[in-house]
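Undergrad:
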Amino acid sequence: MREIDLEVFGPTGDCAAIRVVGEIDVFTAPRLREYVLDLVAKGVVHVVVDLSGVEFLDSTGLGVLVGALKRLRTQEGSLALVMGTDRIVRVFTITGLTAVFPIHDTVPDAIAADAHWVRAVERGGESVEEWCRRHGLA
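Using the UniProt record's numbering, the first residue of the sequence shown is number 1, and each one after it goes up by one.
Set out below in structure tokens:
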């Protein structure tokens with residue numbers, strides 16, 4: 001059985017980040033979907049998903065991410081992705097999804113690129129860098 005580790009950071013206001021490590025496939029993608037749905041149920045509508053620790057991503061995983069983006073957009077939200085490996089970037093490039101998702105190199109870059117995220121973090125009295133460092137995302 002393939003493994004996936006998921007960790008949520010936040011929520012900070014209506015924003016949260018999810019770190020994913022391992023493989024996102026037909027067996028593990030439902031866990032990622034559950035995490036996103038749980039965040040939405042808690043009022044989170046701006047999500048950054050850190051895929052830099054993902055070794056493999058199949059069409060089921062892509063479907064979960066596209067579904068999450070659609071759900072968040074219906075609530076005036078957003079979903080940004082962080083990718084650290086060329087293999088995962090290539091999957092998004094080949095499928096044309098680089099035109100659909102905001103893609104960043106680091107979590108601080110993804111948060112800093114979203115004015116809503118920046119306001120939420122600053123309301124807590126921190127800079128984006130401080131928030132990311134505190135959560136081990138820098």
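Note that the Cβ used here is the ideal one computed from N, Cα and C, for glycine as well. Keep in mind the model is a prediction, meaning the values are calculated, not measured.
Take H135 as the anchor and find which of T12, I4, D5, E3 has the nearest alpha-carbon.
TA: Out of T12, I4, D5, E3, T12 has the C-alpha closest to the C-alpha of H135.
Undergrad: Give a yes or no on whether 8 Å exceeds the smallest Cβ distance from G67 to chain B.
TA: Among the chains of the structure shown, chain B does not appear; only one protein chain is present.
Undergrad: Could you tell me which of I18, T95, L51, T74 sits nearest to D38, measuring between CA atoms?
TA: I18
Undergrad: Less than 8 Å between the CB atoms is what I'm expecting for D58 and D86, so what's the real figure, rounded?
TA: So it is not a contact: roughly 17 Å between Cβ atoms.
Undergrad: Keeping to the same chain, check which residues put their C-beta closer than 7 Å to that of R31; ignore five residues upstream and five downstream.
TA: I4, L6
Undergrad: With DSSP run on the structure shown, which of helix, strand or coil describes E34?
TA: helix
Undergrad: Can you give me the Cβ contacts of L62 inside the same chain, cut-off strictly under 6 Å, excluding the 5 residues immediately before and after it?
TA: none
Undergrad: From F56 to A120, what distance separates their C-alpha atoms?
TA: 32 Å
Undergrad: Kindly give me the distance between the Cβ atoms of R82 and D50, rounded to whole angstroms, as I take these residues to be in contact under 8 Å.
TA: First, the amino acid is wrong: residue 82 is Val here, not Arg. With a Cβ gap of about 4 Å, V82 and D50 count as contacting.
Undergrad: Would you tell me roughly how many angstroms separate the C-alpha atoms of I88 and Q75, rounded to the nearest one?
TA: 27 Å
Undergrad: Run through DSSP, which three-state label would V54 get?
TA: strand
Undergrad: Quick check on D105: does DSSP put it in helix, strand or coil?
TA: coil
Undergrad: How would you write the range of the beta strand (DSSP E) that G61 sits in, first residue to last?
TA: Element bounds for G61: not the beta strand (DSSP E) but the alpha helix (DSSP H), 59-74.
Undergrad: What residues are listed by DSSP as bridge partners for A17?
TA: F9, V48
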